[in-house]
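**Student:** There's a structure below that I have some questions on.
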Amino acid sequence: MNPFARNNLFARSVAVAAIVLGAFAVHVVPVAAADPPVLRWAGDPEGGAPFVEADPTDPNRLVGFDVEIAELIARRLGRTPRFVLVAFASLDQSIARGDADIALSGIEDTRARRALLSSTIPYYEFREVLAVRNEDASRIHGLSDLSGRKVATLGGTIAYEILLGAEREFGLQPVSYDDDVHPYQDLVLGRVDAVLLDNVLADRRRRTIQGFSVIPQSMATGHYVAVLSTRNAALRDTVDNILREAMRNGALERIFRKWNVWSDDQRALYDRLIARQTVEPMTVTAGAGGRDIGRGALDQLGAGQPDAAQPGAGQPEVSRQASVDAAPSASAGRDTSQWAAARRYLPALLKASVVTIVLSFLAMALAVALGVLIASGRVYGNRLLRTALVGYVELVRGTPVLLQLFVLYYGIASAVRLPAFLAALVGLALNYAAYESEIYRGALEAVPSGQIDAARILGLSERQVLTLVRGPQAFRLALAPMTNDFVALLKDSSLVSVLTVMELTKQTQIFATNIGSWVLPGSMCAGLYLAMSLPIAALARRLEERWKAPTQ
Amino acid sequence: MSPVNPVNPVNPVLQVQDVSVTRGHRTVLSNVSFTIGRGELVALMGASGSGKTTMLRAIAGLDPFDEGAIVLDDVRLEGGAPKTRSTLRLTSRKVGMVFQFHYLFEHLSALENVCLAPIHAHGVSRGDAAAHALELLKTLSVEHRATALPRELSGGEAQRVAIARALAVDPPLLLMDEPTASLDNARRAELGALLRRLTSESRTLLIATHDEDFARDWATRMLRLRDGRIDGST
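First to last, the protein sequences are chains A and B. Counting from 1, one number per residue, gives the positions in the first sequence under our numbering. Counting from 1001, one number per residue, gives the positions in the second sequence under our numbering.
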């Protein structure tokens, strides 16, 4: 699970910096001593409690059940745990690259992950639960009741895949978020009609956000696992034994009880694992729409099929001994599944490209119109207007566009509740208008004053001088930097994914998380961006050629 | 100094009365006075920096002046008045100007340059404006360049288009700043003959130039500016 909390950028940055510094201090001090072996474990404190979070009372310390499990594993291995900070979305790649030995951060068990990395046996079973507004609780009992409605979740998760399946089956509309706070906030605000996330996240949000209820019936069950690189298969086997021992002796139960997330489901899971039974990555509950929802997507995730046994498919127990021998065929299988996934995701990527291009064109058109007004105001306006416009331009240029988007969408949500696409459009347009206005102001001032004198003396009014003489000539001067900005905007539009707008980069991210590799999704995404930006550049070059600025 | 206008002192097209211009600490024009009658082709002579261009720009209403007055027919501009748009609106009916560097509108063809003001400032229909513009371009022997963009024109052609543009709104007084600056001898003679042809009872020309020969050959009268003062009239 990816329980990012982007609600406080500053506090987050401070906490992360403190942890990095703390980790650095821990690292530097013991080097001179006996040099005990180290277990580098990766996680993302942005995930927050109960997984991994900076201790509210001491930001140099990490707390959470994943922290305690990592410490337990390190202790049994006779190693010193050392935390490696890795963004949640990069954990798989980071482990594959060898940045850390093992990752624990509420990582979901999926078939794709089992194929790409060495997953441990699951150490926690969660339920995907549906949250709805209190007043809807009597009407909505499952995904099938949400036809035509918006249902939020975290991108790149099992829950998201379930929603994609439900989209095809029930016509609901999945909305992808980057964190687990805003889906619930937006649910209460009425921007979405339900949230599908695991019970751990739902429970922790229920403590802070009022106004929603969780439907008792779970839509699916899944598991958290630790992941290691395939090169570390032997270490993984050792970790599995440590986990199994901790299941037997109650160490894991104590940890989960301490964090208030223990349930009988865990007892049943541990009994099966201790008895060396196989555990499917996930099981879709009948009646949740799981029978028919996107079989392909769920296969990729490793959904269990009650009446169709899949021998060897994603079963840590069976593949344990054979992991080395099976490596070549596993990687061959991965290639075909990647291509299959590429075919499966292509329509979604194309759809996301349309969002990107429509958003970019509309935002640019708005930015150009606003930019012209701002530039005209700065060139022709009185002192008060000029000062106000300079203030606007400097404010917008001096703060990150990401922050502006957050403020527009979340910051003012209690007063003005903009839909995601509109907030994205307005945010990008307001931001780019500041940059465009500077281009136009420069271009307006670059038109020779003699031209303007010549126009005035012919009896043209000031407005006519601007619209008939100065403006058109300035536009030619502005064309090249404008094209540049438009191509930049096309790419900056990827930022609006933080407002749940499913544009190309976001879709690619989900694709990459799903298949556990960036190579193919990244290439497809790059190809699509180029397919959009190259024609724009070519068109601009032709226009520039036609309206070539005078060389005198 | 206030020379008597020999052509038509009763109804002059331009009266410059004790005009002074100071820029910072520098006196650019100092108590300049002269009168120009209808149908004259007057050369305002003087070396670079003698104040010729400043004088033309003050007459055209492009720049304010500090003291004195400029009378264009029934329009009177007072020294010390701030630069306003209404000044230009008044003078633009009385004065046309051809700049040293022409300043044709680079995004418009020669014909569009000439038509712009008649259509947008005087409400002439597009058809009539184009017909009149073509006629003017023909008079100036550049009708074959009507569709060319300014950057495609030679210096002489650009000047003629600029003259046509100024004449298109039919100003009683046409000001020209250094018209011979970029012309060879043959072209200068052609220009002189052309300016003579354009001069009539209804059209008066005031040209600022430092070209003695050109002024002597073609002007009906010469005014000399030296260090911001009128130094003589011949």
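Even for Gly, the Cβ is constructed at its ideal location relative to N, Cα and C. From a predicted model like this one, the values you see are computed outputs, not experimental measurements.
Helix, strand or coil, according to DSSP, for A:Asn260 in the structure here?
**Tutor:** Three-state result, A:Asn260: coil.
**Student:** Around the Cβ of A:Ala327, are there at least 16 other Cβ atoms within 10 angstroms (buried) or fewer (exposed)?
**Tutor:** The pLDDT assigned to A:Ala327 is 32, lower than 50, so where the model puts this residue is not dependable; a value taken from the coordinates is nonetheless given after this. A:Ala327 should be labelled exposed.
**Student:** Relative to the C-alpha of A:Glu125, which residue among A:Gln509, A:Thr387, A:Leu422 and A:Glu280 is closest?
**Tutor:** Ranking A:Gln509, A:Thr387, A:Leu422 and A:Glu280 by Cα distance to A:Glu125 puts A:Glu280 first.
**Student:** In three-state terms, what does DSSP make of B:His1120?
**Tutor:** Here B:His1120 sits in helix by DSSP.
**Student:** Comparing C-alpha positions only, which one of B:Val1161, B:Leu1205, B:Leu1194 and B:Asp1184 sits nearest to B:Leu1174?
**Tutor:** Residue B:Leu1205 is the option with its Cα nearest to B:Leu1174.
**Student:** Assuming A:Leu39 contacts A:Asp92 under a Cβ cut-off of 8 Å, what Cβ separation, rounded to an integer in Å, is found between them?
**Tutor:** Rounded, the Cβ-Cβ distance is 19 Å, inconsistent with contact.
**Student:** Output yes or no for whether 8 Å exceeds the beta carbon distance between A:Leu146 and A:Phe170.
**Tutor:** In this structure, A:Phe170 lies closer than 8 Å to A:Leu146 by Cβ.
**Student:** In angstroms with no decimal places, state the Cα-to-Cα distance between A:Val372 and A:Tyr440.
**Tutor:** Computed Cα separation, rounded: 7 Å.
**Student:** Please classify B:His1102: is it buried, with 16 or more other beta-carbons within 10 angstroms of its beta-carbon, or exposed?
**Tutor:** Label assigned to B:His1102: buried.
**Student:** Compute the Euclidean distance between the alpha carbons of A:Pro37 and A:Ala89, then round it to the nearest angstrom.
**Tutor:** Roughly 28 Å separates the two Cα atoms.
**Student:** Is there a Cβ from chain B that is less than 8 Å from the Cβ of A:Glu544?
**Tutor:** Answer no: the Cβ-Cβ gap between A:Glu544 and chain B never drops below 8 Å.
**Student:** Cβ of A:Asp453 less than 8 Å from any chain B Cβ?
**Tutor:** Yes, A:Asp453 counts as interfacial toward chain B.
**Student:** Between the alpha carbons of B:Met1135 and B:Thr1084, how many angstroms are there, rounded?
**Tutor:** Per the sequence shown, residue 1135 of chain B should be read as Glu rather than Met. Each residue's Cα considered, the two are about 34 Å apart.
**Student:** Going by the beta-carbon positions, is the gap between A:Ala96 and A:Ser229 smaller than 8 Å?
**Tutor:** Yes. Within cutoff.
**Student:** Does the segment 1208-1227 of chain B come within contact of the segment 1127-1145 of chain B, defined as at least 3 CB pairs closer than 8 Å?
**Tutor:** Taking 8 Å as the limit for Cβ pairs, the verdict is that the segment 1127-1145 of chain B does not touch the segment 1208-1227 of chain B.
**Student:** What is the DSSP secondary structure of B:His1144, reduced to helix, strand or coil?
**Tutor:** Helix.
**Student:** Mapping DSSP to helix, strand and coil, what is B:Leu1194?
**Tutor:** Helix, per DSSP.
**Student:** Excluding the 5 residues preceding and the 5 following A:Ala375 in the sequence, name in chain order all residues of the same chain whose CB lies nearer than 7 Å to its CB.
**Tutor:** If we look at A:Ala375 and ignore the five residues flanking it on each side, its Cβ neighbours are Ser437, Tyr440, Arg441 and Leu444.
**Student:** Reducing DSSP to helix, strand and coil, say where B:Gln1159 ends up.
**Tutor:** The answer is helix: DSSP assigns B:Gln1159 an H, G or I state.
**Student:** Is the Cβ of A:Ile510 closer than 8 Å to any Cβ of chain B?
**Tutor:** With 8 Å as the cut-off, A:Ile510 does not count as an interface residue toward chain B.
**Student:** Would A:Asp271 be called buried (16 or more neighbouring beta carbons within 10 Å of its own) or exposed?
**Tutor:** So A:Asp271 counts as exposed.
**Student:** Applying the 10 Å Cβ sphere with the 16-neighbour rule, what's the burial state of A:Gly411?
**Tutor:** The residue in question, A:Gly411, is exposed, as its Cβ has fewer than 16 Cβ neighbours within 10 Å.
**Student:** Put B:Lys1083 into one of helix, strand or coil per three-state DSSP.
**Tutor:** B:Lys1083 falls in the coil class under three-state DSSP.
**Student:** Among residues of its own chain, excluding the 5 on either side of B:Leu1090, which ones have a beta-carbon nearer than 6 Å to its beta-carbon?
**Tutor:** So the qualifying residues of the chain are Val1075.
**Student:** Of all the alpha helix (DSSP H) runs that stay within the bounds of the segment 57-101 of chain A, which reach a length of 4 or more residues?
**Tutor:** Fully enclosed alpha helix (DSSP H) runs of 4 or longer: 65-77 and 91-97.
**Student:** Residues in its own chain within less than 8 Å of A:Arg470 by CB, not counting five upstream and five downstream?
**Tutor:** Correct list, in chain order: Leu444, Val447, Gln451, Ile452 and Ala455.
**Student:** Could you tell me which chain B residues have their CB closer than 9 Å to the CB of A:Arg463, listed as they occur along the chain?
**Tutor:** Correct list: empty, because the minimum Cβ distance to chain B is about 10 Å.
**Student:** Taking the Cβ atom as the reference point for each residue, do A:Leu594 and A:Ser213 lie within a distance shorter than 8 Å?
**Tutor:** With chain A represented from 1 up to 552, any question about residue 594 of chain A goes unanswered, as that position is not in the structure.
**Student:** Provide the residue(s) that pair with A:Glu128 in DSSP beta bridges, ordered along the chain.
**Tutor:** Bridge partners of A:Glu128: A:Asp198 and A:Ala220.
**Student:** Closest Cβ-Cβ distance between B:Leu1088 and chain A: below 8 Å?
**Tutor:** True, the Cβ-Cβ gap to chain A drops below 8 Å.
**Student:** Does the beta-carbon distance from A:Pro472 to B:His1107 come in below 8 Å?
**Tutor:** The answer is yes: Cβ separation under 8 Å.
**Student:** Are the C-beta of A:Val469 and some C-beta of chain B separated by less than 8 Å?
**Tutor:** A:Val469 counts as touching chain B.
**Student:** What are the residues of the segment 416-450 of chain A that lie near chain B, defined by any Cβ-Cβ distance shorter than 7 Å?
**Tutor:** The segment 416-450 of chain A vs chain B, Cβ under 7 Å: Pro448 and Gly450.
**Student:** Do you know how far the Cα of A:Leu62 is from the Cα of A:Pro56?
**Tutor:** Those two C-alpha atoms are separated by around 9 Å.
**Student:** How many Å lie between B:Pro1006 and B:Pro1012 at the Cα?
**Tutor:** The predicted position of B:Pro1006 is uncertain, since its pLDDT is 42 and thus under 50; a value taken from the coordinates is nonetheless stated next. Spanning the two alpha carbons is a distance of roughly 10 Å.
**Student:** Select from A:Val151, A:Tyr177 and A:Asp178 the residue whose C-alpha is nearest the C-alpha of A:Ala166.
**Tutor:** Per the Cα distances, A:Val151.
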